[in-house]
Amino acid sequence: MTENKRSKRYLITSALPYANGPLHVGHLAGAYIPADIYARYLRLTGEDVLYICGSDEHGAAITMRAKQEDTTPQAIVDKYHETNKADFDKIGMSFDIYHRTSSDLHRETSSAFFKALYDKGVFTEQVSEQYYDAEYDQFLADRYIKGTCPKCGNEEAYGDQCERCGSALSPTDLINPVSTLSGNKPELKTTKHWFLPMDRYQEQVKNWIEAAQGTEKWKKHVLGQCRSWFQDGLQPRSMTRDLNWGVPVPLEGAEGKVLYVWLDAPIGYISATKALTDDWASYWQSEDTKLVHFIGKDNIVFHCIIFPMLLQLRGEGYVLPTNVPANQFMNLEGDKMSTSRNHVVGVSSFLEDFPGQEDVLRYVLSMNMPENKDSDFSWSDLQARNNNELVAILGNFVNRVLVLTNKYFGGEIPEIPAAVETALEAQTAAIYDSLKAFPKTLDTLVHKYEFRNALSELMNVARMGNKFLTDTEPWKLFKTDADTTAGILRTCLDIIAVIAVYAEPFLPFTAPKLRGYLNLNEAEVKAIIEGAFRTAAGRKIEKGAHLFGRIDDAAIQLQQDKLAAAKAANEAKAEGPSYEPVKDTIQYDDFMKMDIRTGTITTAEKMKKAKKLLQLTVDLGFEQRTVVSGIAEHYTPEEVIGQKVLLLANLAPRKLRGVESQGMILMAESGGKLHFVSPGDAENGSGVS
Ligand SMILES: [Zn+2]
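Residue numbering for the sequence shown follows this note's numbering, starting at 172 and increasing by one per position.
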C-alpha cells in the first residue's frame, strides 16, 4: 500500500546462525520465517528492501564443535555454511545475500570497526583474571565454561549467557564453574583485554530505547528485558578473547587474541551488505533507513543494547534499529528443542519426509509463531492444520472454483451480466467490502509484526470464499440459472486473485501456482495491490489441481515414533546400564572344576514362609535333583515347569528352609530381572565346556 510507505529503505536482518550444526524448525520460527514474511511483504508492496543474513563462523561454539568432530574450525564452518545455506534455500528464504563471517571482507570490516572505536578511545584496557584450564594450557572463552546460573539455577549455563532465562553472564558469575575442555574446576590467571565500559554509555542507549518507543512500540518482553538490564546496571564487557579462531585483534601486543564474537557477528550484517552492493552506505549510514533485527529472545541484549551502543559510539551516521521484534522459543511436543538430545525436527529431514510441502511447514510455523510467548510444535497440530485448513479450506475452495469454471464456462473467467450483478449484490457486497478492507488490515498487522494474525486474515478470505461457494451451491444452480452461476464463480475467482497476490509472503511456493491458475500477469498483480478487485472477464484460466494433499495418520505416527526413539535413546544414555566389576582372574583348572549340566525342570512349588524360593525337581537324564532356587519373585511355578536349564551339579549340597538343595540353576541378571541361561537343544545330562 503506497499510502502506507513509512520509510525510504528497509534493512532487514535475521540472526546469523552459528555454522556449527543443522537448522531445525525452531530456528525457522524464531528469526527467519517472520523476517522472510516481512521482507516479502515489503517487496510485494513496492518498498526498497535489503534482507541480510549469513553464517556466524567465529566463536568458541565453532572451536568446540571442531573438537567434538575431531577436525578444524575451518572445516566445520565450510560444512555447515553450505548445508545451512542449502536448507534456507529449500525452504524459500528470500535473503538478498547469505554471507559468512569468515570471509576476508568481513574480517577487514570488523577489524576496521574495532580499530575505529579503539582510536576514539572507547575501550578500556584491563589486565584481569580469567579462567584458565591448566591441563589444556588455555584461557577459557565464555563458552568453554559451564556452571550454575546465579539468576535461575540452571546448571547448564554458559560463561556468557544462560540459555534458559536469557541472562547475560560473565564467567565469574557462574556458581561451580567447570571447564568444558577438561571437566576440571578452572583456575584464575591474569590476561590483558579491551573492555567496553558499558556502564559509562548506559544512559545514552537507555535514552535512545525509550525515545524509540515514540516511533514504534517494541514488544513487551523485549523492552522488559532491556529495562531489567538497565535496572541491574550495565557492566564493562570484554570485547576481546583469548582464542585462536576469529578476527585477530588489530593492536600491538594482542597476539593470540581475537574479537569477541558478539562484537564481530552483528558487524556481519554490515559486511554482508557491503558484499551485496557498493551502495551499502546509503542503507547503513542514512536516516532514511528503517533497520529491523529479527532474532530469538536469547539474542536480545546483543541486538538491543551492545550492538546499538557500538553503533552510537562509532557515529558517522550509522543507523540504529527501529525495532527488534524478537520471538520467544518454540518447543517440540511440549519439550525444549535440543540438537544434542536429537529432540528436533530438522529442516532438511522434514523436506525429505514431506517432499514438496515447504508451504505446509511454513504455514504451521507461522500460525504457531512464538511472537509473544513460547509456543509448541506438534505433529498432530501439523496434521490438523494441513488437513483442516490448507486442504479443507484453501485447497478445496480453489479447486472447486476452477473445476466448475472449466465445466460451465469453458475455462474462461465469466462476465457478470448486469441484471445478475444487481440481484447478487445483497450477497456479494459484503464480500467485496471485505476484499477491499483486507489489504489495509494485513498491512497494519505486518507492520506491527503480528504475522500470525496476518496469516489468519488471509485464511479468513479463503474461508469467506469457501462459505460463499457452499452457501450458493452453483453446481445445483447452473441448469436453471447459468447467469447467476456465472456471477457466483466470478466473485469466487476475484477472491482467489486476491489470495494469489497476498499469499506470496506467507506461502511463497503456493502463491505462484495460484497466479498461474488464473494466468495473472504482473500488471494485474500490481493493480490488485493498488486496490482493484476484478479479474479480467474472458481470460482463460487453467484447470488447477489440488494445492495440498492430506497427511495421513501413518505419516504422523512415523514422526512421533522417531521422536520417541530419540527420547528413549537419550534416557538410556543418561541412565546407562551399570556393570559389576569383573571378578578376580581364575585359572582354567578352576573353571574345569565346575560340572555344569543340562536339565529340565519337571516339578515346581512355592516354599512355605519363603517369598523368594521355589522348590524344583530338575531332570538331569541320569538322575533327578531337588533344587531350591531364589526365583519365586520372578517366575510362578507354572511358568518354569518344562524349562530347560543349566545346573551347577557339583556344588556342595546345602539346606535351605529344611530342604537340601542339590545344585544351583544358572541365571543371568539384568535390570533387576532374572533370565534362564539357555542350553539350547542339548540333551538332559550333557555338560558344558
Ligand atoms: Zn538462568
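All C-beta atoms, glycine included, are put in the ideal place defined by N, C-alpha and C.
As the structure is a prediction and not an experimental result, all values here were calculated from the model.
| field | Anticipated Cβ contact below 8 Å, S546 with I204, distance rounded | value | About 12 Å separates the beta carbon of S546 from that of I204, a gap too long to meet the 8 Å contact definition.
| task | Express the C-alpha separation of G385 and L660 in angstroms, rounding to a whole number. | result | Rounded to whole angstroms, L660 and G385 show a C-alpha spacing of 47 Å.
| Of the residues V432, L434, D413, G417, which one's Cα is nearest the Cα of G424? | Among V432, L434, D413, G417, the Cα nearest to that of G424 belongs to D413.
| request: Sort L822, M508, E253 by Cα distance to L837 and report the nearest one. | output: Of L822, M508, E253, the smallest CA-CA separation from L837 is found for L822.
| Range of the contiguous beta strand (DSSP E) that encloses V816 | Note, V816: beta strand (DSSP E), 815-819.
| Simplified DSSP state of S442, which is helix, strand or coil | In this structure, S442 counts as helix in the three-state DSSP scheme.
| Alpha carbon to alpha carbon, what distance is there between L685 and I667? | Roughly 8 Å separates the two Cα atoms.
| Looking only at C-alpha atoms, which of L819, H474, S841, G834 sits nearest to S860? | Selected option, being the one with the closest Cα: L819.
| message | Based on DSSP bridge pairs, tell me the residues matched to F465. | response | F465 pairs with S185.
| Of all the alpha helix (DSSP H) runs that stay within the bounds of the segment 655-731, which reach a length of 4 or more residues? | Qualifying alpha helix (DSSP H) stretches, in chain order: 682-689, 693-700.
| field | D370, buried or exposed, once every other Cβ within 10 Å from all chains shown has been counted against 16 | value | Counting Cβ neighbours within 10 Å, D370 comes out exposed, since fewer than 16 surround it.
| request: Would you mind sorting I346 into buried or exposed? The rule is 16 or more other CB atoms within 10 Å of its CB. | output: By the 10 Å Cβ count, I346 comes out exposed.
| query | Between the segment 446-464 and the segment 297-307, do three or more beta carbon pairs fall short of 8 Å? | reply | Touching, no, given that fewer than three Cβ pairs across the two stretches are closer than 8 Å.
| Does ligand 1 have even one heavy atom less than 6 Å from the beta-carbon of N325? | In terms of side-chain proximity, the C-beta atom of N325 is found nearer than 6 Å to a non-hydrogen atom of ligand 1.
| request: Using the Cα positions of L718 and C224, report the straight-line distance between them to the nearest angstrom. | output: Here the C-alpha atom of L718 lies approximately 30 Å from the C-alpha atom of C224.
| field | Check whether D530 and F622 have beta carbons under 7 Å apart | value | In terms of Cβ geometry, D530 and F622 do not form a close pair [threshold 7 Å].
| message | Measuring alpha carbon to alpha carbon, tell me which residue in Q456, D450, L491 is nearest H464. | response | Among Q456, D450, L491, the Cα nearest to that of H464 is on L491.
| request: Report whether the distance from the Cβ of R335 to the nearest heavy atom of ligand 1 is below 6 Å. | output: Remark: the C-beta of R335 is in contact range of ligand 1, defined as less than 6 Å to any heavy atom.
| task | Please state whether DSSP places I346 in a helix, a strand or coil. | result | Looking at I346 - three-state DSSP - the assignment turns out to be strand.
| Would you say the beta carbon of C320 comes nearer than 6 Å to a heavy atom of ligand 2? | For the structure depicted, ligand 2 is absent and the ligand set comprises only ligand 1.
| said: Going by DSSP, what residue range makes up the alpha helix (DSSP H) through H277? | reply: Per DSSP, H277 is one residue of the alpha helix (DSSP H) stretching across 275-290.
| task | Hey, could you find the ends of the alpha helix (DSSP H) T510 is sitting in? | result | For T510, there is no enclosing alpha helix (DSSP H), as DSSP marks it with neither H nor E.
| field | Residues that DSSP places opposite M501 in a beta bridge | value | Answer is S546, bridged to M501.
| field | At least 3 beta-carbon pairs within less than 8 Å: the segment 373-392 vs the segment 235-249 | value | With the cut-off at 8 Å, the segment 373-392 and the segment 235-249 do not touch.
| query | Comparing alpha-carbon positions, which option in E504, V591, D260, G636 lies nearest G566? | reply | For G566, the nearest C-alpha among the options comes from G636.
| query | Can at least three beta-carbon pairs, one atom from the segment 209-220 and one from the segment 669-677, be found at a separation below 8 Å? | reply | A contact exists between the segment 209-220 and the segment 669-677.
| said: I need the straight-line Cα distance from N558 to R721, nearest angstrom please. | reply: If you draw a straight line from the Cα of N558 to the Cα of R721, it is about 5 Å long.
| request: Please classify Q554: does DSSP put it in a helix, a strand, or coil? | output: The answer is helix: DSSP assigns Q554 an H, G or I state.
| Proximity test, S299 beta-carbon vs ligand 1 heavy atom, cut-off 6 Å | Answer for S299: no, Cβ out of range of ligand 1.
| task | Pull up the distance between the alpha-carbon of A597 and that of K714, whole angstroms please. | result | Between A597 and K714, the C-alpha separation is close to 30 Å.
| request: Return yes when the Cβ of F639 is within less than 7 Å of the Cβ of Y579, no when it is not. | output: In this structure, the beta-carbon distance from Y579 to F639 does not fall below 7 Å.
| query | Does the segment 754-764 come close enough to the segment 786-806 that 3 or more CB-CB pairs lie under 8 Å? | reply | Touching, no.
| query | Between Y620 and L182, is the Cβ-Cβ spacing less than 7 Å? | reply | Y620 places its beta carbon 7 Å or farther from that of L182.
| message | Going by DSSP in three states, H618 sits in which element: helix, strand or coil? | response | Reduced to three states, the DSSP call for H618 is helix.
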